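Residues in the sequence shown are numbered consecutively from 16, following our numbering. Contents: one structure, followed by commentary.
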Amino acid sequence: MHQSSFFGRKVVAATFLMAVFGWGIGFYGPPIFMYAVIHRTGWSTALCSAAVTVHFLAGTLVVVNLPVLYKRYGLPWITVSGAATLAVGVYGWSIANQPWQLFIAAALSGFGWVTMGAAAVNATISPWFVSKRPGALAMAYNGASIGGVVFSSGWVYLIDRFGFSLAAVVVGVLSTGVIALLAFGVFRFRPEHLGQQPDGILQITTDLPPFQDTAPLTLRSNRPFLTLAAAMSLGLFAQIGLISQLFLLLY
């Protein structure tokens, strides 16, 4: 039996919206930021491309530590802090007058956006779904695609109409506000807080044998995992490399 008012549905919808902002600003935004910086400062494409690289590399430092951060500060606070850090970083892109300022801004935006990226989506959805997790993740991850559709054209319009700095402030305030509402209104709840079960299934008491703990899987020495991660990494390298330069080539 399934619960008629399963809160997990709201979690999926909220996570979808988080992905829209996360990818729309942090993944699809840097190529447009790079163009705006080059247009404003006249700096070389190589220099500004390096800032994009710093943006994505900085994010990896946060991703690998997300479980520790969630455990210490809680998912809602980390998500909101990340949104605010991303907003500050994007504003830094818009006002940087020296290369070192640009690289600091790129690091901040990189630190922030991954708290609304793929790992964050999985961490938010996982407590609420087990057998239905693939479908829930698929729906939530669609927000990444919508973010690219909406924000790519939106950034171009806002920057062209109002300037990069004002566009960064408006989007930054909006995104931080929305993420704060989602974090403290939705993400702070877990199934046990509301007396619910994953997948919305009503708890049925049965005489099941006690769960036996197993040794944790050491991923660093797991060959299938390493080869899968390597293949995915190469694909993402190509994707990000193309996206980061495509707008500059076409505009």
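Heads up, the beta-carbon is just placed ideally off N, CA and C, and yes, glycines get one too. All values reported here derive from a predicted model rather than from experimental measurement.
Residue environment, residue i, which counts as buried when at least 16 other CB atoms sit within 10 Å
| i | result |
| --- | --- |
| residue 150 | exposed |
| residue 242 | exposed |
| residue 110 | exposed |
| residue 100 | buried |
| residue 229 | In this prediction, residue 229 scores a pLDDT of 49, lower than 50, which makes its location untrustworthy; the coordinate-derived value is nonetheless stated afterwards. Classification for residue 229: exposed. |
| residue 107 | buried |
| residue 66 | buried |
| residue 240 | exposed |
| residue 246 | exposed |
| residue 77 | buried |
| residue 132 | buried |
| residue 115 | exposed |
| residue 187 | buried |
| residue 251 | exposed |
| residue 122 | buried |
| residue 257 | exposed |
Separation of residue j from residue i, as counted between CA atoms
| i | j | result |
| --- | --- | --- |
| residue 112 | residue 94 | 29 Å |
| residue 169 | residue 75 | 26 Å |
| residue 191 | residue 98 | 5 Å |
| residue 105 | residue 216 | 42 Å |
| residue 71 | residue 211 | 37 Å |
| residue 46 | residue 189 | 21 Å |
| residue 171 | residue 30 | 25 Å |
| residue 41 | residue 124 | 7 Å |
| residue 220 | residue 207 | In this prediction, residue 220 has a pLDDT of 48, which is less than 50 and means its spatial position is unreliable; what the coordinates show is noted afterwards. C-alpha separation (whole angstroms): 16 Å. |
| residue 253 | residue 260 | 11 Å |
| residue 81 | residue 127 | 12 Å |
| residue 139 | residue 26 | 8 Å |
| residue 87 | residue 265 | 44 Å |
| residue 63 | residue 119 | 12 Å |
| residue 163 | residue 244 | 24 Å |
| residue 223 | residue 156 | With a pLDDT of only 47 at residue 223, under the threshold of 50, the placement of this residue in the model should not be trusted; the figure read from the coordinates follows. Between residue 223 and residue 156, the C-alpha separation is close to 35 Å. |
| residue 175 | residue 21 | 43 Å |
| residue 130 | residue 54 | 29 Å |
| residue 146 | residue 234 | 23 Å |
| residue 61 | residue 205 | 45 Å |
| residue 248 | residue 255 | 10 Å |
| residue 24 | residue 167 | 28 Å |
| residue 35 | residue 198 | 15 Å |
| residue 90 | residue 103 | 20 Å |
Taking only runs that begin and end inside the segment 179 to 209, name each unbroken alpha helix (DSSP H) of 4 or more residues, in chain order. Those alpha helix (DSSP H) runs which fall completely within the segment 179 to 209 and span 4+ residues are 179 to 197.
Ranges of the alpha helix (DSSP H) found wholly within the segment 125 to 188, counting only runs of at least 4: Taken in chain order, the whole alpha helix (DSSP H) runs of length 4 or more contained in the segment 125 to 188 are 133 to 140, 148 to 177.
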